[in-house]
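Contents: one structure, followed by commentary.
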Amino acid sequence: LSPRGYDPIAALHGGEPVGRKIMNVLGNSPHDLGSRSGLTNLALKTEFAKLYGSESVKEETAGGASDEEDTIGNRAGLINREKLLAWCMSTGLSRNSRLNAVLSPCIVDESSRQEDGTIQIKPNTQTRFFTDDTQHGLCIVLGLAELLGFDLERDMPQALYVVRRLQKWMKKEFVLPKEKVTAGSKIVSDAKDVSETSAPQAFGVKSVQELKRFLQLDVFSETHELNAEGVLKNSGLMARL
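Mapped onto the working numbering, the consecutive letters of the sequence shown carry residue numbers 797 to 1037.
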């Protein structure tokens, strides 16, 4: 799905240049983390099995499969120099004077007014702080991960936690709450309000192959096949056939 084969798209676009350079030097680029976590290999194996059948995938021994399963996804030591990087981020955010001008969007909760005049405020969930970054940000990432066969609870616990917490404030269900997850359920696909997100599942996309076809759709309702036929019809060679 990305311009350079199986490299994550995040490795090719965006990102603060200095921070990105440091992460790459430390071996924490998206490509490195995908390879080291085993998620890139898992996605490739899952897609291969869907295309050619699970019997085509090399069978692992029981012990080997168990060992491999234990090394997939988030685990201690996955990120090089994690404590140092966490300290740098914490220090940078806490001392960044530019962030002082960024106010958190809130609304007054009139029902909380006390006799002494005290009143509470609560987050305004109708602002872009919520709608952009939740439905049209994290939900897309979680949806893509689900298509690739990842275990969202294991491989993306932080992103899943954030969406679940925010959707509770928004009184929505963009992903299944933890108590609703059962064996065989799809955390993104089976969510009640997934249609309000920009996740692939909101457009009826249930597999990587369907996503590839979806991304080839033309916004002007044209198709590659019709364009190709039009070009061929205008060819002098084809006109003589």
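Every residue gets a Cβ at the ideal spot worked out from N, C-alpha and C, and that includes glycine.
Proximity to residue i [Cα-Cα], best of the options
{"i": "threonine 842", "options": "Phe946, Pro919 and Asn876", "result": "Phe946"}
{"i": "aspartate 951", "options": "Thr836, Ala998, Leu822 and Lys817", "result": "Thr836"}
{"i": "glutamine 922", "options": "Leu962, Glu906 and Gly939", "result": "Leu962"}
{"i": "serine 900", "options": "Ser893, Phe926, Ser886 and Glu906", "result": "Phe926"}
{"i": "glycine 873", "options": "Val814, Arg832, Cys902 and Asp905", "result": "Arg832"}
{"i": "leucine 972", "options": "Trp965, Met966 and Ser981", "result": "Ser981"}
{"i": "glycine 815", "options": "Thr930, Ser1003 and Cys884", "result": "Cys884"}
{"i": "histidine 932", "options": "Ser907, Tyr848 and Asp989", "result": "Asp989"}
{"i": "serine 1004", "options": "Ser893, Arg924 and Leu944", "result": "The sequence shown places valine at residue 1004, not serine. It is Leu944 whose Cα lies nearest to the Cα of valine 1004."}
{"i": "leucine 948", "options": "Ser893, Lys974 and Asp928", "result": "Lys974"}
{"i": "lysine 967", "options": "Val1001, Gly1000, Thr930 and Leu1011", "result": "Thr930"}
{"i": "lysine 1002", "options": "Leu1013, Glu911 and Val984", "result": "Val984"}
{"i": "proline 953", "options": "His827, Pro813 and Asn870", "result": "Asn870"}
{"i": "glutamate 1006", "options": "Pro826, Pro813, Leu847 and His827", "result": "Leu847"}
{"i": "valine 904", "options": "Leu895, Leu1013, Val898 and Thr914", "result": "Thr914"}
Span of the beta strand (DSSP E) around residue i
{"i": "lysine 879", "result": "Counting along the chain, lysine 879 falls outside any beta strand (DSSP E), though it belongs to the alpha helix (DSSP H) covering 878 to 890."}
{"i": "isoleucine 903", "result": "902 to 905"}
Residue i, enclosing alpha helix (DSSP H) - first and last residue
{"i": "isoleucine 917", "result": "First-last for isoleucine 917: 916 to 919, but that is the beta strand (DSSP E), not the alpha helix (DSSP H)."}
{"i": "valine 898", "result": "Taken as a continuous stretch (DSSP letters only), valine 898 belongs to no alpha helix (DSSP H), as it is neither H nor E."}
{"i": "isoleucine 818", "result": "813 to 821"}
{"i": "methionine 952", "result": "Here methionine 952 belongs to no alpha helix (DSSP H), and DSSP marks it neither H nor E."}
{"i": "proline 973", "result": "Where proline 973 is concerned, there is no enclosing alpha helix (DSSP H), given that its DSSP letter is neither H nor E."}
{"i": "aspartate 828", "result": "826 to 833"}
{"i": "glutamate 1006", "result": "1004 to 1011"}
{"i": "phenylalanine 926", "result": "924 to 929"}
{"i": "glycine 939", "result": "935 to 943"}
Distance between beta carbons of residue j and residue i, contact taken as under 8 Å
{"i": "asparagine 876", "j": "asparagine 820", "result": "Incorrect: roughly 11 Å between the Cβ atoms, too far for contact."}
{"i": "cysteine 902", "j": "threonine 993", "result": "Contact doesn't hold; Cβ gap of about 24 Å is too wide."}
{"i": "leucine 838", "j": "isoleucine 868", "result": "6 Å"}
{"i": "phenylalanine 999", "j": "alanine 987", "result": "Their Cβ separation, rounded to whole angstroms, is 14 Å, which puts phenylalanine 999 and alanine 987 out of contact at 8 Å."}
Cβ-heavy atom distance, residue i to the ligand SAM, below 7 Å
{"i": "aspartate 951", "result": "Looking at this structure, you won't find the ligand SAM or any other ligand, since it has none at all."}
8 Å Cβ cutoff, residue i in contact with chain D
{"i": "glutamate 969", "result": "In the displayed structure, chain D is absent; only one protein chain is listed."}
Is it the case that the region 910 to 928 contacts the region 936 to 945, given that we only count it when at least three CB pairs across the two stretches are under 8 Å?
The answer is no - the region 910 to 928 does not touch the region 936 to 945, with fewer than three Cβ pairs under 8 Å.
Should the region 873 to 880 be regarded as contacting the region 953 to 972, the criterion being three or more beta carbon pairs within less than 8 Å?
Output reads no: the region 953 to 972 does not touch the region 873 to 880.
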